[in-house]
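Undergrad: Shown below is the structure under consideration.
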Amino acid sequence: QVRVVESGGGSVRPGESLELSCRVRGSIYSIQGMGWYRQVLGTQRELVASISEHGITRYADSVRGRFTISRDNGKKMITLQMNSLKPEDSGVYYCNADVRFEGDKWGQGTQVTVSS
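If you want it as structure tokens, here you go:
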């Protein structure tokens, strides 16, 4: 059974940093794109950052220059380094993995709260 497991998150003050990690567990052929999405209560889930299997990255305009997504194909994981956090970065962050022959897989979500 394929699972997406997230770690990291928590509560920080504006200007501080956090790192989120996501790992795909289970027997798989390969992973195509992976990414992080954010959801605030009452709104749709939105893309924060994504990375292709070849390392091509994409960022939401609101986080470009502050967040960095990276990938370790051997460990089947991605990380999201979040710097200079703002209150509007708060939300539940979900990891997504497009697993070849399995389709989209989602993690359970991890809460990020930025507040003074």
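Under the working numbering, the sequence shown has 1019 at position 98, and the numbering climbs by one with no breaks. Quick reminder that beta carbons are idealized off the backbone N, C-alpha and C, glycines included.
Please look up how many angstroms separate the CB atoms of Gln1032 and Gly929, rounded, as I've assumed it's under 8 Å.
TA: In the sequence shown, counting from the first residue as 1, residue 1032 sits at position 111. In the sequence shown, counting from the first residue as 1, residue 929 sits at position 8. About 10 Å separates the beta carbon of Gln1032 from that of Gly929, a gap too long to meet the 8 Å contact definition.
Undergrad: Starting from the C-beta of Gln922, find all residues in its chain whose C-beta is less than 8 Å away, skip the five residues before and the five after it, and write them out in chain order.
TA: Along the sequence shown, one-based indexing puts residue 922 at 1. Cβ neighbours of Gln922 within its own chain (closer than 8 Å, five residues either side excluded): Gly947.
Undergrad: How many angstroms separate the CA atom of Tyr1054 from the CA atom of Arg944?
TA: Residue 1054 is absent from the model: the chain starts at 922 and stops at 1037.
Undergrad: From what residue to what residue does the beta strand (DSSP E) around Val945 run?
TA: On the sequence shown, residue 945 is found 24 positions in, with the first residue counted as 1. Val945 -> beta strand (DSSP E) spans Leu939 to Arg946.
Undergrad: With distances taken from CA atoms, which of Arg966, Ile990 and Gly995 is nearest Ile972?
TA: For the purposes of this step, residue 972 is taken as residue 51 along the sequence shown, with counting starting at 1. Cα-wise, what sits closest to Ile972 is Ile990.
Undergrad: From this set, Tyr950, Ile949, Ile952 and Leu968, which residue's C-alpha is nearest Tyr958's C-alpha?
TA: Residue numbering aside, residue 958 sits at position 37 when the sequence shown is read from its first letter. Residue Leu968 is the option with its Cα nearest to Tyr958.
Undergrad: Enumerate, from N- to C-terminal direction, the unbroken beta strand (DSSP E) stretches of 3 or more residues contained entirely within the segment 973–1033.
TA: When DSSP assignments are scanned along the segment 973–1033, the uninterrupted stretches of beta strand (DSSP E) that are 3 or more residues long and fall wholly within it turn out to be 978–980, 988–993, 998–1003, 1012–1020 and 1024–1027.
Undergrad: Does the distance from the C-beta atom of Gly1028 to that of Glu940 stay below 7 Å?
TA: Indexing the sequence shown from 1 puts residue 1028 at position 107. Indexing the sequence shown from 1 puts residue 940 at position 19. No; because the gap between Cβ atoms is not below 7 Å, this pair is not in contact.
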